[in-house]
Amino acid sequence: MPKFSFTIHGLDMAKGFDGVFRGRPEPTVVVAAFAVANKHAVILGRDVVSFAAHSRFPSFAEGSLTRAYHVTNADAFVLLAAALEEDGGEDIKRTYAAMEAANAIQLWSHEHRSPEPVHLSQLDPHWCVPQRCELEDELGPLSRAVSDKWIGAACWLSEKPRDAVNVRFHFRSEDRRNDWTLLVNADHAAPYA
């Protein structure tokens, strides 16, 4: 039985901005884990992690979340994260809800000049290095749906069993006033013998 686990250790914040009169940002990350098998993605779990930003940047906001999943069949695992500035919570609810529909999620990497949206089950090996990405569901791009609270999204594919590895999920807002990196330790264990 394959096992996938991850631990979030914190948020490294190079820059943070919440508007001229709104104080410091309230960083929040919606994270979801998926198993991919037989060209279908299935959600394993999703969480919302909030961090306390400091008044000076750069800074490090500690946070902790550990999740472990045992699945009967998986060809690969995907970890998807979206960073938002919390302000009332409606944008977080929208993003959290979007993560449930694994086969409706499409994304494309910022690395590609002409983006081709792909489903989670269609990710190729270049996603084995975390990629900043655009994210959409059946209602359209999340970055447009959640207004100025959207910082960014990032995705990572774990195709083969491996020892624990440190993974950095980088988020940068379109105006470049927010630049955050989520620090994660992930483990994709081989099936039991």
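Just so you know, we're using this note's numbering here: the sequence shown kicks off at 803 and counts up by one. C-beta: ideal position from N, C-alpha, C; glycine also. Computed from a predicted structure; not experimentally measured.
Check: Between Lys-951 and Phe-973, what straight-line distance do the alpha-carbon atoms span, to the nearest angstrom?
Finding: In a straight line, the C-alpha of Lys-951 is about 12 Å away from that of Phe-973.
Check: What residue does the alpha helix (DSSP H) around Asp-977 start on, and which one ends it?
Finding: Unbroken run through Asp-977: none, as it is neither H nor E.
Notebook entry, point to check: Count the other CB atoms within 10 Å of the CB of Ala-995; is the residue buried (16 or more) or exposed (fewer)?
Noted result: Any reading at Ala-995 is ruled out, since the residue's pLDDT is 48, under 50, leaving its predicted position unreliable.
Check: When you compare each of Cys-957, Ser-945, Glu-940, Arg-848 to Trp-929 by their alpha carbons, which one comes out closest?
Finding: Residue Cys-957 is the option with its Cα nearest to Trp-929.
Check: How would you write the range of the alpha helix (DSSP H) that Asp-814 sits in, first residue to last?
Finding: Note, Asp-814: premise wrong, no alpha helix (DSSP H); beta strand (DSSP E) at 805-817.
Notebook entry, point to check: Just the Cα atoms here: how many angstroms apart are Glu-938 and Asp-814?
Noted result: Going by the C-alpha atoms only, they are around 25 Å apart.
Margin query: Let's test the definition: count the other Cβ atoms within 10 Å of the Cβ of Asp-977 and tell me whether it reaches 16, buried, or not, exposed.
Written below: By the C-beta density criterion, Asp-977 is exposed, having fewer than 16 other C-beta atoms within 10 angstroms.
Item checked: Same chain, Cβ closer than 7 Å to Ala-839, neighbours up to 5 away in sequence not counted -> Correct list, in chain order: Asn-875, Ala-876, Asp-877.
Item checked: Three-way DSSP call (helix, strand, coil) for Ala-878 in this model -> Judged by DSSP in its simplified three-state form, Ala-878 adopts strand.
Notebook entry, point to check: In the structure shown, what three-state DSSP assignment does Glu-892 receive?
Noted result: In the structure shown, Glu-892 sits in a helix (DSSP, three-state: H, G or I).
Checklist line | Residues that Cys-930 bridges to, as DSSP identifies them | finding: When beta bridges are read from the DSSP output, Cys-930 appears opposite no residue.
Next item on the list: Would you please state the rounded distance, in angstroms, between the beta carbons of Glu-936 and Leu-909? I believe it to be under 8 Å.
Entry: Leu-909 and Glu-936 do touch by the CB rule: their CB atoms are close to 6 Å apart, below 8 Å.
Next item on the list: Indicate the three-state DSSP secondary structure (helix, strand or coil) for Ser-960 in the structure shown.
Entry: Three-state DSSP puts Ser-960 in a strand.
Note to self: What does the alpha-carbon distance come out to for the pair Phe-808 and Ser-866?
What the structure shows: Straight-line Cα distance between these residues: approximately 10 Å.
Margin query: Could you check whether Arg-970 and Leu-985 sit closer than 8 Å to each other, using their CB atoms as the reference points?
Written below: Cβ atoms of Leu-985 and Arg-970: closer than 8 Å.
Next item on the list: Compute the distance between the beta-carbons of Gly-829 and Ala-883, then report whether it is under 8 Å.
Entry: The sequence shown places Pro at residue 829, rather than the Gly named in the question. Not in contact: Pro-829 and Ala-883 (Cβ atoms no closer than 8 Å).
Notebook entry, point to check: Smallest Cα separation from His-842: which of Leu-925, Ala-870, Thr-868?
Noted result: Of Leu-925, Ala-870, Thr-868, the residue nearest in Cα terms is Leu-925.
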